[in-house]
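Using numbering that gives the first Met the number 0, the first residue of the sequence shown is number 0, and each one after it goes up by one. Every residue gets a Cβ at the ideal spot worked out from N, C-alpha and C, and that includes glycine. Step one of this worksheet: look at the structure below.
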Amino acid sequence: MHNIGVVIPFYQRDKGILIKSLMSILEQKCSSEINYYVVIVDDCSPLALSEELSQLPTLPKNVHLISLYHKNNSGPAIARNTALRHIQEKLSSVVDYVAFLDSDDQWGEKHSSLALEAFDLGANFYFGNTDRDGFYDSNWNTDIPEMEQDLSRFSIGDSQFIIDSSVIIESMYNKYLSQTSTVMYRLNKFPDILFCDQLRFAGEDELMWLLLCAGADKVAYYPCDVTKCGKGVNMFFSNISWELVGSCNIMGSKALATAMILENIELNTKQRKTLKKTFNSHCYVYFKLMIKHAFKFREIDFKNTMLIVKYLLTKDLSSLNKHECVEAKIYN
């Protein structure tokens, strides 16, 4: 039997969304050969997790549900870290792999079996493709068709690639390839890794996947494995308009995430040059938006401002390496 720990942060308003996500776990092909340890963190959701789970059918014996809750809303990075800590501290003796599933997304029925196949072939980090309602039906076909030729030498099947981590890194920071709900990694390779929870508005997931990728040796990318991204509460997509102050906070976090990549991941000269341009561009847009919204007396997270200025002056990002530990209680 394989053992997979599943990280699910929960913050929703509408009933039934999480149930669809959980059903996509129950409907996995070969699921009877896998034990799932599903850790859901209720991040002070408007819709109580207990109310949503009351609609869940009886679980099979190989699916173990652990429900935790935060007293106050802390954001997705801290909620995921709460679940990760639970797996790392209480389940590491049984869990082989860690997977992620957002509470409004649904895995394709072969997601688990394809990931396990990739791990058997030597990969330590796995991700697949996405279908995002209202945006695209395939991230692979829409955003990155040119990559198929670039990755052809790593092909092990139809839309299946096992890639050297040094090769895929550049593609991953140029395009957001590894959407959160498609990701899985080998726990004993990364026994204590956590999200950078100081990046409250954007970039914490991209940074996490790049750190995993950089340490993975071999990375599996299976565009044939399609996860459906739903339309639940999404603070990123609901704040991307320049007219919203949230866009300013997003750009600040993206600038800091880019700085963290520059300081924490080994890059060649060309890659560093490209990322420095990206960082400068993010900073320019951030400060422009900050001034615009400040004049309209809108609430801006000036913590981002202070961290960016500190980095520009001293290259110091040490405070971003500190993780908040939020008390989480277990639902009875």
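Problem set entry | When 290, 277, 74 and 129 are compared against residue 323, the one with the closest alpha-carbon | Taking the sequence shown and counting its residues from 1, the one referred to as residue 323 is at position 324. That would be 74, whose Cα lies nearest to the Cα of residue 323.
Exercise. Is residue 306 closer than 8 angstroms to residue 319 when the C-beta atoms are compared?
Worked result: Here residue 319 is taken as the residue at index 320 of the sequence shown, counted from 1. Here residue 306 is taken as the residue at index 307 of the sequence shown, counted from 1. The answer is yes: Cβ separation under 8 angstroms.
Exercise. Residue range of the beta strand (DSSP E) that residue 328 falls in?
Worked result: Position 329 of the sequence shown, counting from 1, holds the residue named residue 328. Counting along the chain, the beta strand (DSSP E) containing residue 328 begins and ends at 327-329.
Problem set entry | Inter-residue spacing [alpha-carbon to alpha-carbon] between residue 64 and residue 199 | Here residue 64 is taken as the residue at index 65 of the sequence shown, counted from 1. Here residue 199 is taken as the residue at index 200 of the sequence shown, counted from 1. Roughly 27 angstroms separates the two Cα atoms.
Exercise. Residue range of the alpha helix (DSSP H) that residue 183 falls in?
Worked result: Translated into the one-based positions of the sequence shown, residue 183 becomes position 184. From DSSP, residue 183 is part of no alpha helix (DSSP H) but of the beta strand (DSSP E) over 183-185.
Exercise. Which stretch, first to last residue, makes up the alpha helix (DSSP H) that contains residue 310?
Worked result: By one-based count along the sequence shown, residue 310 stands at place 311. Run containing residue 310: 301-313, per the alpha helix (DSSP H) assignment.
Exercise. Exposed or buried, residue 308, counting other C-beta atoms within 10 Å across all chains shown (16 or more means buried)?
Worked result: Here residue 308 refers to the residue found at position 309 when the sequence shown is read from its first residue. Answer is exposed; the Cβ neighbour count stays below 16.
For this session: Please state if the CB of residue 125 and the CB of residue 219 are separated by a distance shorter than 8 angstroms.
Result: What you label residue 219 is simply residue 220 of the sequence shown in a count that begins at 1. What you label residue 125 is simply residue 126 of the sequence shown in a count that begins at 1. Contact: yes.
For this session: List in chain order: all unbroken alpha helix (DSSP H) runs of 4+ residues lying wholly within the region 53-117.
Result: 75-89
Exercise. Would the beta-carbon of residue 276 fall within 8 angstroms of that of residue 103?
Worked result: For this step, residue 276 is matched to residue 277 along the sequence shown. For this step, residue 103 is matched to residue 104 along the sequence shown. Contact: no.
Problem set entry | Among 106, 62, 66 and 169, nearest to residue 94 - alpha-carbon criterion | Locating residue 94 in the sequence shown gives position 95, where the first residue counts as 1. With distances taken between Cα atoms, residue 94 lies closest to 62.
Problem set entry | Selected residue, minimal CA-CA separation from residue 166, among 150, 315 and 180 | Position 167 of the sequence shown, counting from 1, holds the residue named residue 166. For the residues 150, 315 and 180, the minimum Cα distance to residue 166 belongs to 150.
Exercise. Which one of 12, 22, 35 and 14 has the shortest CA to CA distance from residue 183?
Worked result: What you label residue 183 is simply residue 184 of the sequence shown in a count that begins at 1. Selected option, being the one with the closest Cα: 35.
For this session: Could you tell me if residue 68 is buried or exposed, where buried requires 16 or more neighbouring beta carbons within 10 angstroms of its beta carbon?
Result: Here residue 68 corresponds to residue number 69 of the sequence shown, with the count starting at 1. Under this definition residue 68 is a buried residue.
Exercise. Out of curiosity, what's the CA-to-CA distance linking residue 210 and residue 270?
Worked result: Position 211 of the sequence shown, counting from 1, holds the residue named residue 210. Position 271 of the sequence shown, counting from 1, holds the residue named residue 270. Looking at the two C-alpha atoms, the distance is approximately 15 angstroms.
Problem set entry | Where the alpha helix (DSSP H) through residue 287 begins and ends | As a first step, residue 287 must be located in the sequence shown, where it is residue number 288. Per DSSP, residue 287 belongs to the alpha helix (DSSP H) from 268-293.
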